[in-house]
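**Student:** All residue numbers for the sequence shown refer to my numbering, where the first residue is 147 and numbers rise by one.
Have a look at this one before I ask anything.
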Amino acid sequence: MTSPAVLRQSQQKIWEACVPLEIRLAKSECKTYDESDPYLVMMPRVSYLPLLLPKLHAFFLDLLINEDARFWHGWFSFENVPLKWQFPVGLLFDIYSGSSDRLQDEDGQSPRKDASPVEQRVGGAESPRTWQLTVHFDEYPADVLVRLDHDAKVLRDAFTNSYKESSFVRYSSTKVVQRLSMDDALQLWEAVEKHDFALFSPIQQKMMRPRDVEIKNIALKIYLPATASDDDDEKSSTTPGHLRVIQGLVPPQISARQPQTLGTALNSLVPSLFPSRKMPLLAQPVLHGAIVPLGVSLDTLSEIASYADGFLHMTVAMIR
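Here is the structure:
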């Protein structure tokens, strides 16, 4: 049983993890018709890209061809793919830039399948990589992204809906969410906006470990590239950006004596990629930029490493 002090320390380390971003204005929107100077920032993994838009708009304002563009018109892309702003930054990085490439060692060789995370040089603190993004303030891709607004209400509502969804999955009811006061809900979003763990932690404890409500399932989402196996199961759904999201009801215990591990869960949800419950034969699970051992307790992982919205957002790196 993990002690409360160790648990909080682990949660805070994950909360403080960042992705280094190098953001440039889209060339087609720049008065100089050339690459602008980049905006450099260490962005918390648990945060959201739209929170940067006011600062980015001010930074690039003098270069914008469209002087009527406002910060809430902004959107981000990576290699011409619009990025879903409702996804946490860490998840976006792991999906598009931080998974398969990090399984390669410095010689371009795949690591041993039984190698530890340290041996594989995975993890934001051990091998920080700058993620190069483009910000746009014109030609909003409304066919794939919901439009933002000036007071961040759309972003806040998306976050609120996500943590309500994770709570419903976890407890099979809305009881825990309904207990949160308006002040609690506002404090939770304020914690995300300000990246303040002291504000976040007490609300997170109410959400993750209520004393009188039994946990029925682990809130887990698995994100697969479109090139991964196409015949996994009916739980999968294709999303814009060549991405598939898999969910399922995964109880914390398989039986009274057998806890659910990450390996047993992945074997159940994505058997074509994880045919073994104990050994990563075809793919590796990636969470917060690190490869996670298949033998870890899913319940413990959820308590320590869930994102601010209560979900374990996990990507998959294919073993080459």
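We put the beta carbon where it would ideally sit given N, CA and C, even for glycine.
Quick caveat: nothing in here was measured; it's all calculated off a predicted structure.
Relative to the C-alpha of Glu285, which residue among Ala172, Ile450, Leu412 and Gln157 is closest?
**Tutor:** Looking at the Cα atoms, Ala172 is the closest of the given residues.
**Student:** Have a look at Ser149, Ile160, Pro150 and Val152 and flag the residue whose alpha-carbon is nearest the alpha-carbon of Ser452.
**Tutor:** Comparing Cα-Cα distances from Ser452 to each of Ser149, Ile160, Pro150 and Val152, the minimum goes to Ile160.
**Student:** Does Lys106 come out as helix, strand or coil in the three-state DSSP assignment?
**Tutor:** Absent from the structure is residue 106, since the part of the chain shown begins at 147 and ends at 466.
**Student:** Report the three-state DSSP secondary structure of Ser223 (helix, strand or coil).
**Tutor:** Ser223 falls in the strand class under three-state DSSP.
**Student:** Just reading off the beta strand (DSSP E) that Tyr185 is part of, what are its end residues?
**Tutor:** Looking at the DSSP string, the run of the beta strand (DSSP E) that includes Tyr185 is Tyr185 to Pro190.
**Student:** Can you tell me which of Leu153, Arg154 and Ala163 puts its alpha carbon nearest to the alpha carbon of His341?
**Tutor:** Looking at the Cα atoms, Ala163 is the closest of the given residues.
**Student:** Sort Val192, Leu199 and Val432 by Cα distance to Arg216 and report the nearest one.
**Tutor:** Closest option to Arg216, Cα to Cα, is Leu199.
**Student:** By how many angstroms is the C-alpha of Val391 removed from the C-alpha of Ser256?
**Tutor:** In this prediction, Ser256 scores a pLDDT of 43, lower than 50, which makes its location untrustworthy; no coordinate-derived value is stated.
**Student:** Assuming Gly236 and His434 form a contact by the criterion Cβ under 8 Å, report the distance between their Cβ atoms to the nearest whole angstrom.
**Tutor:** Right, the Cβ-Cβ distance comes to about 6 Å (below 8 Å), so this counts as a contact.
**Student:** Residues in the same chain with beta-carbon distance under 6 Å from His282, minus the five sequence neighbours each way, listed in chain order, please.
**Tutor:** Closer than 6 Å at Cβ, skipping near neighbours: Ala172 and Trp221.
**Student:** Please classify Val462 as buried or exposed, where buried requires at least 16 other C-beta atoms within 10 Å of its C-beta.
**Tutor:** Looking at its Cβ environment, which holds 16 or more other Cβ atoms inside 10 Å, Val462 is buried.
**Student:** Go ahead and label Pro348 buried or exposed: buried means 16 or more other beta carbons lie within 10 angstroms of its beta carbon, across all protein chains shown.
**Tutor:** Exposed: under 16 other Cβ atoms inside 10 Å.
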